[in-house]
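Numbering of the sequence shown is given in numbering that gives the first Met the number 0, commencing with residue 0 and proceeding in unit increments.
Using N, Cα and C, we set each Cβ at its ideal position, and we do this for glycine too.
Quantities reported herein were computed from a predicted structural model and do not represent experimental measurements.
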Amino acid sequence: MIRKSVVLVLVLLVGCAAIFLPLVSEAASTVPATAVSKTVSTVPATAVSTTVPTIPATALAASDTAPKPQLDYRVSLAPNQIWDGTIEYFKAQGFTTVVLVAAEPLPYDNELQKIKQMGMYPILDIEYIIWNGGANKSTPITQFDSDFSMWKQAGWQNVATEGRRSGDLATLKDYFATITYFNCDLCGLWQDGYRSPDVTEMSWETYYPSEIPSIQQGALISYNLGKPQGITAGVWDKNNANLNYDTYKTLLDWSYSEGVGFTHFNVFFGLGATIADYQRLGFPAIISQLQQNYPPKPIGAWPAITVTSVRQVPNPQNSIVWDITNLGDKEAWVAPYAILHNGTAALPGRVSGEAVLSQDAGTSSSAAVQQNDGYGWVNLGAGEEISILSPPTVPTNTTGAAYNVYVSYSNTSRGWLYSAPLYTTVGAKPIPTNFFGLFDYNNTDIALLLLLVLVVFLTIALVPRLKRMRQK
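What follows is the structure, encoded as structure tokens:
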């Protein structure tokens, strides 16, 4: 409370900053975007292997209308559901990611290969093993190092978890490329996980209507830190009766109106729910209705290259990161690009080894990046993931832009990844509707702090008056 009081007093002393900041941001967003030159394609290309393709000059066709937001529809399944037809059911329903809930400390390598063969993106949920609803909170995270090594060796590169003790996320980052953090139900903003630099993306457990204010507050802050955001819905009776299509649709609409743009919708089965439960609770209708306004994110033809996220990062400013995964069994060359809503084209351009933020061990970033026609192409081996950073030249008013990746493989085939481009909201950072939201205040905190300020003000104002009265 003291820390918050000090912060509030400082904010009040600064005065109009809290009032004018949103106005300045809004004004800045109306400035025409700096045209990103497309003349880079005329720069003489560095000598490269013949396997690197040439992009036709007509490829960058600007769109006059923003595409519909596309969602990564996910399903969290038990290991046995990978083999009993459940995964095929969800593949047919437009789901693009499988979150495998680890029931035991096993490698799950066969399950991983099955998910990839289905052309779906794999994430391993390890919460039950390392946390188990808090039952393992006294167990040092280092006790699970052998499990982490086993999963990494089996080929798992992306993990998800919920609860955490000190050091959990930093340790996981040593083993895995990405970390999805589930903010637990009825926890408010749980342990600052949504702020952690080790967390790649947030998935907000939306099990009760009372959680929505915390979700909105945390998502605004977390997005400002460069993390994609999404929703996790639960398949069980105790909460689903209070949540329906209208609830989820309203929350998704809110995220895009605020500039956050939730990128995934996850249906959580855990280790017990079944398709019968899913159907009985009305989820098929919910998903079908959501997909009319938020269609499923497409996955490219084999080799199955998918853009798992496109995100703006705080540093360097006006830079974008593409997270790209090759789910297939053939290597491919990839080159990310963006088509802005205002018609200009923004490209990473001459990608360098330094611009490749992460790549699987065994592939040299500098050797894997080659240039052709001014485009930076990155080699992505079978089963590999990569993150590519654009130069800090992206205009700030890019809301509604279409982000995508060119793909070339088999030395002869080339073209675009999707018939419809990936949509994600990237652009000027949103300013929370409630300025105090930046500091994690709730309404009670604000009321108490304002009351404190009022008491201090009245004291300062009345003390001299009382002194004068006594002197008389």
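Inset, instruction - Go to G192, then tell me how far its beta strand (DSSP E) extends in each direction, as first and last residue. - result: It is not in any beta strand (DSSP E) - G192 carries neither H nor E in the DSSP assignment.
Legend entry - Span separating the alpha-carbon of E126 from that of A159: In a straight line, the C-alpha of E126 is about 7 Å away from that of A159.
Legend entry - Residue from T85, Y88, Y293 with nearest C-alpha to L70: Across the set T85, Y88, Y293, the C-alpha of Y293 shows the shortest separation from the C-alpha of L70.
Legend entry - Top-ranked residue by Cα proximity to A102, from L451, F268, L289: Nearest C-alpha to A102: F268.
Legend entry - Where T231 sits in the DSSP three-state scheme: Here T231 carries a strand assignment [DSSP, helix/strand/coil].
Inset, instruction - May I ask which residues mark the beginning and end of the beta strand (DSSP E) holding D322? - result: Start and end: 318–325.
Legend entry - For D197, the nearest candidate out of K172, L219, L185, V452 (CA to CA): When each option's Cα is compared against that of D197, the closest is K172.
Legend entry - Inter-residue Cα distance where the pair is E384 and W321: Distance between the alpha carbons of E384 and W321: 11 Å.
Inset, instruction - Would you kindly work out how many angstroms separate the C-alpha atoms of N265 and Q311, rounded to a whole number? - result: In this structure, the straight-line span from the alpha carbon of N265 to that of Q311 is close to 22 Å.
Legend entry - the segment 204–217 touching the segment 244–252, judged by at least three CB pairs closer than 8 Å: Contact between the segment 204–217 and the segment 244–252 is present, with at least three C-beta pairs closer than 8 Å.
Inset, instruction - Using the Cα positions of Y244 and A331, report the straight-line distance between them to the nearest angstrom. - result: Taking the straight line joining both Cα atoms gives about 39 Å.
Legend entry - Cα-Cα separation between Q288 and F282, rounded to whole angstroms: Roughly 10 Å between the two C-alpha positions.
Legend entry - Sub-9 Å separation of Y207 and D184 beta-carbons: Yes.
Legend entry - Nearest to M119 (by Cα), restricted to the options Q152, V74, A153: Of Q152, V74, A153, the smallest CA-CA separation from M119 is found for V74.
Legend entry - Secondary structure of S165, DSSP reduced to three states: If DSSP states are grouped into helix, strand and coil, S165 belongs with coil.
Inset, instruction - To the nearest angstrom, report how far apart F175 and T141 are at their CA atoms. - result: Looking at the two C-alpha atoms, the distance is approximately 15 Å.
Legend entry - Through-space distance from N403 to T33, alpha-carbon basis: With a pLDDT of only 25 at T33, under the threshold of 50, the placement of this residue in the model should not be trusted; the figure read from the coordinates follows. If I take the Cα positions, the gap works out to 20 Å.
Legend entry - Stretch pair the segment 129–144 + the segment 152–169: three plus CB contacts closer than 8 Å: Touching, per the Cβ criterion.
Inset, instruction - Taking Y88 as the reference, give the member of G380, T273, T231 with the closest Cα. - result: When each option's Cα is compared against that of Y88, the closest is T273.
Inset, instruction - Measure the C-alpha to C-alpha separation of Q152 and P104 and round it to an integer number of angstroms. - result: Taking the straight line joining both Cα atoms gives about 13 Å.
Inset, instruction - Using the Cα positions of K136 and L453, report the straight-line distance between them to the nearest angstrom. - result: Distance between the alpha carbons of K136 and L453: 43 Å.
Inset, instruction - Grab me the residues of L188's own chain with a C-beta within less than 8 Å of its C-beta, minus the 5 sequence neighbours each way, in chain order. - result: The answer, listed in chain order, is N182, S213, Q216, G217, D439.
Legend entry - M124 in three-state terms, based on DSSP: Note that residue 124 corresponds to Asp in the displayed sequence, not to Met. Here D124 carries a strand assignment [DSSP, helix/strand/coil].
Inset, instruction - Just mark P463 as buried or exposed, buried being the case when its beta carbon has 16 or more other beta carbons within 10 Å. - result: Exposed is the call here.
Legend entry - Paired residues, beta bridge with A159 - DSSP: Paired residue(s): D124, T179.
Legend entry - is_contact[A331, chain C] using C-beta, thresh 9 Å: Annotation note: the requested chain C is absent from the structure, which comprises a single protein chain.
Inset, instruction - To the nearest angstrom, report how far apart N378 and W155 are at their CA atoms. - result: Approximately 20 Å, taken between the alpha carbons.
Legend entry - Under the three-state DSSP convention, the category E384 falls into: Strand.
Legend entry - Cβ shell of P43 (< 8 Å), same chain only, five flanking positions each side left out: With a pLDDT of 27 at P43, under the threshold of 50, the modelled position of that residue is not reliable, and the figure given next carries that caveat. Cβ neighbours of P43 beyond the five flanking positions: none.
Legend entry - Contact check, K296 vs Y107, beta carbons under 9 Å: Result no, Cβ atoms of K296 and Y107 do not sit closer than 9 Å.
Inset, instruction - Run the CB neighbour count on T262, radius 10 Å, all protein chains shown included, and call it buried at 16 or more, exposed below. - result: Buried, by the Cβ-count rule.
Legend entry - Which of helix, strand or coil DSSP assigns to L451: The DSSP-derived three-state label of L451 is helix.
Legend entry - Per-residue DSSP class, three states only, for T41: No answer about T41 holds up, because its pLDDT of 26 lies below 50 and its placement is not dependable.
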